[in-house]
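Structure first, then comments.
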Amino acid sequence: MTEALLDIKGLRKSFGALRATDNVSLTLNPGEIHALIGPNGAGKSTLIAQVAGGLSPDAGQIVFAGADVTPLGTAARAQAGLGRTFQISALAMEFSVLQNAVLGALGAGGSVWRFFKPVMRDAELRARAEAALERVGLMEHAAKRTADLSHGQRRLLEVAVALTLEPKAFLMDEPMAGLGGEGSKRMTAFLDSLRRDAPILLVEHDMDAVFALADRISVLVYGQIIATGTAEDIRANRDVRAAYLGE
Ligand code: ADP
Ligand code: MG
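Right, dumping it as C-alpha cells:
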C-alpha cells in the first residue's frame with residue numbers, strides 16, 4: 001500500500017461546549033480527490049482550518065509528506081507544500097489578475113501568505129504567476145482588474161494564486177460555491193486535471209461535482225466522520241441517507 005501524502009489523525013477542536021471536530025481521522029493519497037461532505041455547521045471549514053494551520057487543534061496530529069506538521073504555522077505549512085483556497089475570497093479586487101498571481105508567488109497575497117519573505121527575482125515571480133494563470137486558463141485576462149472578472153473566473157484566480165506556490169496537495173473549501181452550471185463544469189474539469197499534480201481534500205456542497213470527481217467521500221456530521229467510501233458506498237450507506245441526504 002502506498003503511504004498517504006496527508007494523514008490526519010484524531011483531530012479535535014472545541015468552541016466552548018461545542019465539539020466542532022471530534023476525533024476526525026482521514027487520509028489523502030497521491031493522485032486522489034477525497035471529498036468531505038456534510039450539512040452546514042458539521043465542522044468542515046473548522047477541519048480545513050486545522051489542517052491548513054489557522055486553527056490549532058485541541059488534540060490530534062497532522063502528518064504531511066512523512067513529517068509531523070502539527071506544530072507548524074500556516075506559512076510554514078504552505079511552504080511545506082500544503083496549498084489552500086478559501087470559502088470566502090482572499091483576492092485584492094482593485095489589483096490586476098496578474099498582480100494577484102504575483103502576490104501569491106511572492107507569498108504576500110491573502111492572509112495565509114503574509115509572513116513569507118520574498119526570495120525570488122522579479123522575472124521568476126512573473127514567470128510563476130503567468131504559468132499559474134496559463135494553467136487555469138486566465139492568461140488572456142492577465143491585465144484585467146480582478147473586480148471585473150466573473151465570479152467563476154475569480155474562483156479560478158484563487159486556485160491560480162495557490163498554484164504559484166507549487167503545492168504538493170490542496171485543501172479546498174467549497175470551490176464551486178456560487179458558480180453557475182457552466183462555471184461548475186469548468187471548475188470540475190480543472191480539478192480533475194489538477195489531481196495528477198496535487199491530490200485534493202475537497203469540501204463541497206455540489207453533489208454532482210462530488211460524485212463526478214471524488215475517489216473517496218467522507219461524511220462529517222456534528223464533528224464526526226460517520227462514513228468513508230467510494231461514491232457507490234456513500235450513496236448506499238443508510239446512516240448517510242438518514243443523516244445527510246434526508247431520507
Ligand atoms: P461547516 O464548514 O461544516 O459548515 P464550520 O466548521 O464552519 O462548519 O462550523 C462548525 C461549528 O463550529 C458550527 O456550529 C459553527 O457555528 C461553530 N464555529 C465555527 N467557528 C467558530 C468559532 N470561531 N467560534 C465559535 N464557534 C465556531
Ligand atoms: Mg464551511
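Just so it is clear: in the sequence shown, position 68 is 68 by the UniProt record's numbering, and no numbers are missing. Every residue gets a Cβ at the ideal spot worked out from N, C-alpha and C, and that includes glycine.
Assuming residue i contacts residue j under a Cβ cut-off of 8 Å, what Cβ separation, rounded to an integer in Å, is found between them?
| i | j | result |
| --- | --- | --- |
| S218 | L11 | Not confirmed; about 12 Å, so no contact. |
| A101 | L133 | 5 Å |
| V159 | T74 | V159 to T74, Cβ: 18 Å. No contact. |
| L163 | R135 | 6 Å |
| G152 | L179 | 5 Å |
| residue 269 | S45 | Since the first residue of the chain shown is 1 and the last is 247, residue 269 is not available in this structure. |
| V240 | A231 | Contact flag wrong, Cβ pair sits at about 11 Å. |
Checking 8 Å against the spacing of the C-beta atoms, do residue i and residue j come in under that value?
| i | j | result |
| --- | --- | --- |
| L171 | I48 | yes |
| P199 | N29 | yes |
| N201 | L6 | Just to set this straight, residue 201 is Leu in the shown sequence, not Asn. Yes, the pair counts as a contact, with Cβ atoms nearer than the cut-off. |
| A80 | A65 | yes |
| G223 | R19 | yes |
| A42 | V210 | no |
| M187 | R154 | no |
| I8 | V51 | yes |
Length-filtered (3 minimum) beta strand (DSSP E) runs lying within the stretch 173-222: 200-203 and 216-221
Stretch-stretch touch, CB-based, cutoff 8 Å, three pairs: the stretch 97-109 with the stretch 53-60: no
Closer than 5 Å to the ligand ADP: residues, by C-beta to nearest heavy atom, in chain order: F15, A20, N40, G41, A42, G43, K44, S45 and T46
The stretch 135-154 in contact with the stretch 2-22 per 3-pair CB rule at 8 Å: no
Entirely enclosed alpha helix (DSSP H) segments - the stretch 62-101, minimum 4 residues: 74-80
Every unbroken beta strand (DSSP E) within the stretch 15-49, with a cutoff of 3 residues, ordered by chain: Qualifying beta strand (DSSP E) stretches, in chain order: 18-28 and 33-37.
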